[in-house]
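> Those letters in the sequence shown? Residues 77 to 239, by our numbering.
Quick one: this structure, given as C-alpha cells, is what I'll be asking you about.
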Amino acid sequence: MPRVTKRDQYKRYQELRRIWLEPLSGSFGVLTPTDQWKVHAFYRPSERLTFEEFNANLREIKRRRPGLVHVAGKLSRQILTEAARLAAVRLEPMPSVVARGSKRRVQHVREVTVTGIVRPTPDLHKLAKAYLEIAKGMLEKEERDKQDTDDNSTTDPSDPTAS
C-alpha cells in the first residue's frame, strides 16, 4: 500500500477544514468526543494553516505521539465518508405526497440524531452571550422578587378596607 505523502495529508486537512467550517455538517459527530480530540490534535481543522505550518505540526506530532498518525488517518476517513453520505442525502429530493380522494393522514417518520461536536477552543462570543442571558435572567428575577416584596409591604393585613 502506498504511503501517504505530506501533500496528501495537507489535502485531507483542507477537506476536514472545509467540513469543519460547514455550519450544519455534523460529520465530526460520527466520532466519539475522544476520537474527535485525536483528529483535532493531528489535523487541527479548526485552525487556518499553511502547508509549512501543517508540516511543522506533523513533525511535532510524529516526534511526540507517533501512533497518532495512523489513528488520525483512520478517523479522518470516517469523517470524510460521513460527509459524503450526508451530502448525498441532502441532494435527494424529498418525496411528495399527493392524497387523491382519501382523507387518511399520511405521516412521515423522521429520525433525529443528536451528536456532540468538540471545540478545541471555546467560542467566546457564545460564552459571552450565555453569560449575558444568565445575568439578565438573574436581574429580572431580582426585580420581580423586589416588586413582590414591595407589593406585600404596602398592604396592611389588619386594614379591612384593603383588598
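From the three backbone atoms N, C-alpha and C, an ideal C-beta is built for every residue, glycine too.
Since the structure is predicted, the reported quantities are computational estimates derived from the model, not experimental observations.
Can you give me the C-alpha to C-alpha distance between residue 122 and residue 210, rounded to a whole angstrom?
Rounded to the nearest angstrom, the two C-alpha atoms are 28 Å apart.
> Between which two residues does the alpha helix (DSSP H) carrying residue 109 extend?
Segment 109-119, the alpha helix (DSSP H) holding residue 109.
> Specify, as a first and last residue, the run of the alpha helix (DSSP H) that residue 104 falls within.
It is not in any alpha helix (DSSP H) - residue 104 carries neither H nor E in the DSSP assignment.
> Going along the chain, which residues of its own chain have a beta-carbon closer than 8 Å to the beta-carbon of residue 155, five neighbours each way excluded?
Hits under 8 Å: 92, 95, 103, 104, 106, 107 and 115.
> Run the CB neighbour count on residue 118, radius 10 Å, all protein chains shown included, and call it buried at 16 or more, exposed below.
Buried.
> Would you mind sorting residue 227 into buried or exposed? The rule is 16 or more other CB atoms within 10 Å of its CB.
It is exposed - the Cβ of residue 227 has fewer than 16 other Cβ atoms within 10 Å.
> If you run the structure through DSSP and keep just helix, strand and coil, what is residue 122?
Reduced to three states, the DSSP call for residue 122 is coil.
> For residue 120, count neighbouring C-beta atoms within 10 Å of its own C-beta (all shown protein chains included) and say buried if the count is 16 or more, exposed if not.
Buried, because 16 or more other Cβ atoms sit within 10 Å of the Cβ of residue 120.
> With H, G and I counted as helix, E and B as strand and the rest as coil, what does DSSP make of residue 143?
Reduced to three states, the DSSP call for residue 143 is helix.
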